[in-house]
Amino acid sequence: MSTAPALLQDEFLDALRGILGDRVSTADAVREQHGHDESYHDGQPPDAVVFPENADEVAAVVRLCADHHVPVIPFGTGTSLEGHVAALGGGVCIDVSRMNKIIRVNAEDMDVTVEPGVTRKQLNEYLRDTGLFFPVDPGADASIGGMTATRASGTNAVRYGTMRENVLSLGVVLADGRQIRTAGRARKSSAGYDLTRLYVGSEGTLGVITEITLRLFGIPEAISAAVASFPDLESAVNAVILTIQSGIPVARIELLDEVQMDAVNKYSKLDYPVQPTLFFEFHGSEAGVAEQAETVQAIATDFGAADFKWATRPEDRSALWQARHDAYYAALALRPGAKGMATDACVPISRLAECIMETRKDIDESGILAPIVGHVGDGNFHLCMIFDPDDADELARAKALNERMIMRALAMEGTCTGEHGVGIGKMDFLIAAHGEELDRFVFHRDWKRVRGKKVDRGSVVDVLE
Ligand SMILES: Cc1cc2nc3c(=O)[nH]c(=O)nc-3n(C[C@H](O)[C@H](O)[C@H](O)COP(=O)(O)OP(=O)(O)OC[C@H]3O[C@@H](n4cnc5c(N)ncnc54)[C@H](O)[C@@H]3O)c2cc1C
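Using the numbering used here, the letters of the sequence shown correspond one by one to residues 1452 to 1916.
Shown next, in the form of structure tokens:
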């Protein structure tokens, strides 16, 4: 049942209901569900959740919120990993899941325009008969709006790029309710500021994305996947580095260490060797795929790989990638009742082996259960640290491990987040990455008081102030 929201007055709620009728909820369960993501971070429910069905409704809600200085938090599917959707300053959560229409497929131009609540699986299902597909794949069935807002990537990015490369244009509701289109559908433009890329990765702080035009790709004539086990972690990482430096256009190249392989075997009922392992996928013509696979196999063998297992049938490939995508949940299942903290370092490829090996040493010294997985072709890897939420000492050790990993990545000219985004978990590290001046120029207030929880973020209204 509904509770009396702290921030919102009756008059405001009446006005909200005047716009959306019964598509406004202040029910505890609905607010609770919208106040947290998939991460370990504490959630914070918004005061109300609204379910608009088109951009004009979003604009009307945002305008009302701006007039009343009420924060706005856009919400896609809530799969983010850094406390992104927590309503730290209360306010209205705009859930765009009912805006889930695929507006137009332009097959000749290889692009598609969608509403923000369309999920990536829904899109690819829809596109299947067109011979086209959308490659950005974060594993979770995230919304295209959320993926745009977090500048997501995933397993295919090494070949097809991230959301940064694949978003052509956006419809956005600005913080005062005005609506803009950031670009046309042209593949290139030098018409001044690149507004599209300003919004890609803005995490709901600059506006609500209401329409996205994406690049599409032809489904490759041939696809094959392979799994190879290595004698040690360093050999596996060095095989990746040489593959990338040799310019082989692998579509996917994923690392799982032996702890993660054990977890995957148990969770997905598989029997891969419990050793550091690379999962590969090759896309292209029959001849091209065969050539890429042969070259990579030779590189892997030079680094001691054994057990090269091939998967060419679609069902075998999807079982293999499903196991990879379930890695987070497989790691969590290693210790029932525990929580997971996902880290997200990304470094230039030449520093990857050093970064992973030093991190492995830290893991061993910390005593934290922390399987390693990574989109290593991009220099990006994660620890899924498993900890007991009631054990303050273990949580502190996990946080210290995360911090060391981030500072190491920054020292190697990398980033504190390759793909998960900032949310509330990485706010402090942006200052470590960009310096104190960032505080003055980019973020408007109270930035450094994050640790003291005096934060009012995730709000398009904030930007106006
Ligand atoms: C098991 C697992 C694996 C994952 N693997 C990957 C991975 O490989 N790569 C990767 O990049 N991510 C990964 N993620 C993280 C997550 O899936 C991505 O961050 C995804 O892009 C979030 O999309 P969402 O729809 O769930 O967004 P939400 O979680 O709903 O929102 C995320 C942020 O975007 C904002 N937002 C949402 N919709 C809009 C909109 N329409 N307009 C403006 N702002 C908006 C929100 O306010 C919030 O700040 C993984 C998550 C899980 C649980």
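Beta carbons: idealized from backbone N, C-alpha and C, even for Gly. All figures in this text were calculated on a predicted structure; none of them were measured in a lab.
Is the beta carbon of residue i sitting closer than 8 Å to the one on residue j?
{"i": "Asp1488", "j": "Gly1534", "result": "yes"}
{"i": "Thr1564", "j": "Val1587", "result": "no"}
{"i": "Ala1600", "j": "Ser1653", "result": "yes"}
{"i": "Cys1835", "j": "Ala1782", "result": "yes"}
{"i": "Thr1794", "j": "His1833", "result": "yes"}
{"i": "Gln1711", "j": "Val1824", "result": "yes"}
{"i": "Thr1606", "j": "Arg1855", "result": "no"}
{"i": "Leu1471", "j": "Val1501", "result": "yes"}
{"i": "Val1556", "j": "Thr1581", "result": "yes"}
{"i": "Thr1661", "j": "Val1618", "result": "no"}
{"i": "Pro1525", "j": "Val1659", "result": "yes"}
{"i": "Ala1778", "j": "Ala1690", "result": "no"}
{"i": "Ala1849", "j": "Ile1875", "result": "no"}
{"i": "Met1863", "j": "Pro1799", "result": "yes"}
{"i": "Leu1684", "j": "Arg1811", "result": "yes"}
{"i": "His1492", "j": "Ala1537", "result": "yes"}
{"i": "Asp1758", "j": "Arg1666", "result": "no"}
{"i": "Tyr1718", "j": "Ala1784", "result": "yes"}
Drop a sphere of 10 angstroms on the beta-carbon of residue i, count the other beta-carbons inside from all chains shown, and report buried for 16 or more, exposed for fewer.
{"i": "Ser1604", "result": "buried"}
{"i": "Glu1732", "result": "buried"}
{"i": "Tyr1723", "result": "buried"}
{"i": "Thr1763", "result": "exposed"}
{"i": "Pro1822", "result": "buried"}
{"i": "Leu1459", "result": "buried"}
{"i": "Ser1769", "result": "exposed"}
{"i": "Met1598", "result": "buried"}
{"i": "Gly1871", "result": "The sequence shown places His at residue 1871, rather than the Gly named in the question. By the 10 Å Cβ count, His1871 comes out buried."}
{"i": "Pro1503", "result": "buried"}
{"i": "Ser1736", "result": "exposed"}
{"i": "Arg1902", "result": "Low confidence applies to Arg1902: its pLDDT is 33, below 50, so where it sits in the model is not reliable enough to give any reading."}
{"i": "Pro1840", "result": "exposed"}
{"i": "Ala1714", "result": "buried"}
{"i": "Ala1751", "result": "buried"}
{"i": "Pro1522", "result": "buried"}
For the candidate residues the options, whose alpha-carbon lies nearest to that of residue i?
{"i": "Phe1838", "options": "Val1827, His1826, Asn1853", "result": "Asn1853"}
{"i": "Thr1528", "options": "Phe1463, Ala1781, Ala1591, Thr1763", "result": "Ala1591"}
{"i": "Val1569", "options": "Asp1560, Met1550, Ala1506, Val1556", "result": "Met1550"}
{"i": "Arg1632", "options": "Thr1656, Phe1759, Thr1664, Val1609", "result": "Thr1664"}
{"i": "His1485", "options": "Asp1498, Arg1474, Tyr1491, Asp1473", "result": "Asp1498"}
{"i": "Ala1593", "options": "Pro1567, Glu1887, Tyr1577", "result": "Pro1567"}
{"i": "Ala1860", "options": "Ser1476, Ile1670, Cys1797", "result": "Cys1797"}
{"i": "Tyr1611", "options": "Phe1668, Ser1719, Leu1467", "result": "Phe1668"}
{"i": "Arg1579", "options": "Tyr1780, Ala1558, Pro1589", "result": "Ala1558"}
{"i": "Ala1466", "options": "Ser1490, Val1651, Tyr1491, Ala1517", "result": "Ala1517"}
{"i": "Asn1505", "options": "Tyr1780, Ile1554, Gly1830", "result": "Ile1554"}
{"i": "Arg1615", "options": "Ile1595, Ala1608, Gln1630, Arg1602", "result": "Arg1602"}
{"i": "Pro1671", "options": "Ala1738, Tyr1718, Lys1717", "result": "Ala1738"}
{"i": "Ala1687", "options": "Gly1655, Asp1713, Gln1726", "result": "Gln1726"}
{"i": "Tyr1780", "options": "His1519, Val1513, Asn1716, Ser1675", "result": "Asn1716"}
{"i": "Ile1674", "options": "Ser1697, Arg1703, Thr1656", "result": "Arg1703"}
{"i": "Val1509", "options": "Asp1627, Gln1773, Cys1867", "result": "Asp1627"}
{"i": "Leu1771", "options": "Lys1720, Glu1816, Asp1815, Asp1461", "result": "Lys1720"}
{"i": "Ile1699", "options": "Arg1468, Ala1714, Val1609", "result": "Val1609"}
{"i": "Asp1829", "options": "Thr1477, Thr1866, Leu1515", "result": "Thr1866"}
{"i": "Thr1868", "options": "Gln1630, Ser1531, Lys1552", "result": "Ser1531"}
{"i": "Gly1655", "options": "Leu1707, Leu1625, Ser1640", "result": "Leu1625"}
{"i": "Arg1809", "options": "Gly1469, Ile1857, Arg1648, Thr1752", "result": "Note that residue 1809 corresponds to Glu in the displayed sequence, not to Arg. Here the closest residue by C-alpha is Ile1857."}
{"i": "Glu1462", "options": "Ala1478, Arg1514, His1519", "result": "His1519"}
{"i": "Gly1469", "options": "Ser1490, Ala1511, Gly1494, Ala1478", "result": "Ala1511"}
{"i": "Ala1749", "options": "Phe1585, Glu1816, Ser1697", "result": "Ser1697"}
{"i": "Pro1589", "options": "Ile1814, Val1740, Ala1851, Gln1773", "result": "Gln1773"}
{"i": "Val1514", "options": "Arg1629, Asp1767, His1885", "result": "The residue asked about is misnamed: residue 1514 is Arg in this sequence, not Val. Looking at the Cα atoms, Arg1629 is the closest of the given residues."}
Report, in whole angstroms, the separation of the C-beta atoms of residue i and residue j, which I expect to be a contact under 8 Å.
{"i": "Leu1729", "j": "Glu1705", "result": "7 Å"}
{"i": "Pro1496", "j": "Arg1474", "result": "Contact doesn't hold; Cβ gap of about 18 Å is too wide."}
{"i": "Tyr1644", "j": "Leu1621", "result": "Tyr1644 to Leu1621, Cβ: 13 Å. No contact."}
{"i": "Arg1571", "j": "Ile1545", "result": "Incorrect: roughly 20 Å between the Cβ atoms, too far for contact."}
message = With three or more C-beta pairs closer than 8 Å as the rule, is the stretch 1797-1805 touching the stretch 1837-1850?
response = A contact between stretches requires three or more CB pairs, one per stretch, nearer than 8 Å, and the stretch 1837-1850 fails this requirement with the stretch 1797-1805.
task = Taking 8 Å as the threshold, find out whether the stretch 1781-1791 comes into contact with the stretch 1729-1749 through three or more Cβ pairs.
result = Output reads no: the stretch 1729-1749 does not touch the stretch 1781-1791.
query = Hey, is the stretch 1629-1646 in contact with the stretch 1674-1692, meaning 3+ C-beta pairs nearer than 8 Å?
reply = Segments in contact, no.
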